[in-house]
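Numbered according to the working numbering, the sequence shown spans residues 1 to 521. Ideal Cβ positions, reconstructed from N, Cα and C, are used throughout, including at glycine. What you are looking at is a predicted structure, and each value in this text was computed from that prediction instead of being measured.
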Amino acid sequence: MGSSAAAARALRLSALCPRTPPAARTAATRRKLSESRDLKSIDELPGPSLPTTLYWLFVKGYADKSHLLQLVQKNLFGPIWRSRFGPFDIVNVATPELIAQVIQQEGRYPARAELPHWKEYRDLRGQAYGLHVDTGPEWYRIRRALNPKMLKLQEVTAYAPIIHQVVGDLLHRIEFLRSRSEDRATISNMAAELYKFGFEGISSILFETRLGCLQEEIPRDTLRFITAVDDMLMLSELVVLFPRWSRGVLPFWRRFVQAWDDLCGVARTLIDRRIAEIEAQVSSGEPAEGMYLTYLLSSDRLSRGEVYTSVTELLLGGVDTTSNTLSWTLYHLARDGGAQDRLYREVNAVCPDRREPTTDDLRRMPFLKAVVKETLRLYPVVPGNGRFMSEDEVVVGNYWFPQKTQFHLCHYAVCHDEAQFVDAELFIPERWIRAKAPDSDFSVAAPGFFQHHPYSFIPFGVGLRGCVGKRVAEMEMFFALSRLMQHFEVQPEQGAPVVEPKTRTLLIPAKPINLRFLPRA
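Written out as structure tokens, the structure is:
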């Protein structure tokens, strides 16, 4: 009975999301193009004029709220529309069906939105391109080298002890900050503290060293590293808007290069230090034991320059995912006592007496995972993702698009669509829970559980372009959240305002999230 149900569900999903081999897909697309007279061209797409876009961005205030602009434009123009602004000419898609169509026609080597300013910096400094700049077979070769120790669950489990050490430091940091606060409970700007936690956690795996982000006094080089990451991401949004001739006129490019120099300089120092340690181990006859960096250096699948670039880029992708999601999760749990109490009871039942959870324990915490899922639905880390169709023309909806069309996948609009998620603006973790059928090992739909389109919620992407660090990020969030619940009840600060998100490439809190941490008995 269980196997037939699983087979039926697989058939439903395959009907929603057919997987066509690239060669067959190309032939089918061309046949559809030649046979159908109903298909429209990209020039027939609706969309805002340049003055309208400027008005929305700078008069109506959507410049740092582009996630909300997705909703406005979808309501005005429908689920697929065209945006043109400066050097950008983008086709926006805002239903799971259209997103699925785009992703399924990506070809063998999916390409995200181009980052010409990152490539320009790499060329300036003679660095290897890495995942974000390389394309085609070279991108695929690097991706295959990075995947095994990041995406295989049994491999990622080996990182659990170091993550628990970092979570322990986070708990000590919270105690320290509580002791310094006026009411001995409130911590201001929790997102900043969780950013340090995310930075320390991913760095401990990637560089195999502790940076001291959660110490009372953060080391100078670590502060420089954190500042460089923040500056580079902020300036990256500005630099891409200006043509290359402006490099010597405007200050953004010089600051962008300096931020990258600082970031790469610290990263290279940390990697070189680990290389020296490995060489010393080998020369003394000891096995070179370590984690992710040791694996990359010993596998010989990447050049030294590619290791420098790849590890640095993995760091960039690994910090904000963890810190922002945990910030929003605690924000909602503090305001929803019922959800927080249910989560505490689940964690305490699986790991009584504040026992550190194992990866096996996490399998018995469905509500923990539902809480994180619901947070990622409300606040997708990347509210919109880019896809660049470089291999062939494609058909999406009733339109055909030429090569080099750039698509914008409007994840925020889909995740907040009432047609996909009932009460879409509300924090309802229970929507993700499935219950076990009586006298059965198989799950059935619980009251309120919904069947959603598989492309309506893809917070870590899907397929070859899915997030490399997905499993590490999830483990960090699950361990941190479960242990925070073991030790503290979280409440909002007295008179705390509602905190809305803003867009800075990623979806981040527009105001500080101040929370009270009350020790549990």
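Bounding residues of the alpha helix (DSSP H) (the contiguous stretch that carries residue i)
i              : result
tyrosine 140   : 136–146
tyrosine 121   : 116–125
glutamine 340  : 337–350
lysine 369     : 366–378
leucine 238    : 220–239
tryptophan 56  : 50–58
aspartate 353  : Premise fails: aspartate 353 is in no alpha helix (DSSP H) and is neither H nor E.
threonine 359  : 359–362
methionine 190 : 190–206
aspartate 261  : 252–283
Exposure label - residue i; buried when at least 16 CB within 10 Å
i             : result
proline 287   : exposed
proline 492   : buried
tyrosine 55   : exposed
arginine 84   : exposed
serine 440    : Bear in mind that the predicted position of serine 440 carries a pLDDT of just 37, short of 50, making it too unreliable to give a figure here.
glutamate 208 : buried
valine 414    : buried
alanine 100   : buried
alanine 445   : Unreliable positioning characterises alanine 445 in this predicted model, as indicated by a pLDDT of 42, which lies under 50. The coordinate reading is nonetheless provided below. By the neighbour-count rule (16 or more Cβ atoms within 10 Å), alanine 445 is not buried but exposed.
serine 456    : buried
alanine 334   : buried
alanine 24    : No answer about alanine 24 holds up, because its pLDDT of 48 lies below 50 and its placement is not dependable.
glutamate 374 : buried
valine 394    : buried
aspartate 300 : exposed
arginine 122  : buried
arginine 377  : buried
Start and end residues, beta strand (DSSP E) containing residue i
i              : result
methionine 389 : 385–389
serine 303     : Here serine 303 belongs to no beta strand (DSSP E), and DSSP marks it neither H nor E.
Proximity test, Cβ basis, 8 Å: residue i and chain B
i          : result
lysine 502 : Given the protein chain composition of this structure (a single chain), no chain B is represented.
For residue i: DSSP bridge partner residues
i                 : result
tyrosine 399      : Lys40 and Val396
asparagine 92     : Trp81 and His408
valine 156        : The partner list for valine 156 (beta bridge, DSSP) is empty, contrary to what the question assumes.
threonine 321     : Beta-bridge pairing links threonine 321 to no other residue.
lysine 502        : Ile508
phenylalanine 488 : Pro519
threonine 186     : Arg516
Option in the options with minimal Cα separation from residue i
i                : options                           : result
alanine 228      : Leu250, Arg244, Val266 and Val239 : Val266
arginine 125     : Ser323, Val472 and Val257         : Val257
threonine 322    : Lys470, Ala158 and Glu155         : Lys470
tyrosine 292     : Gly386, Trp432 and Val307         : Val307
phenylalanine 88 : Gln406, Glu500, His487 and Ala510 : Gln406
arginine 387     : Ser49, Tyr62 and Asn92            : Asn92
glutamate 277    : Thr294, Asp261 and Gly338         : Thr294
glutamate 356    : Phe199, Pro161 and Ala334         : Pro161
proline 243      : Phe478, Gly86 and Glu425          : Gly86
glutamate 182    : Ala521, Arg520 and Arg516         : Arg516
Subject >> At least 3 beta-carbon pairs within less than 8 Å: the region 208–225 vs the region 323–333 >> reply: no
**OP:** Taking 8 Å as the threshold, find out whether the region 495–511 comes into contact with the region 158–178 through three or more Cβ pairs.
**Re:** no
Original post:
Counting pairs of beta carbons, one from the region 332–351 and one from the region 73–80, are three or more of them closer than 8 Å?
Top reply: no
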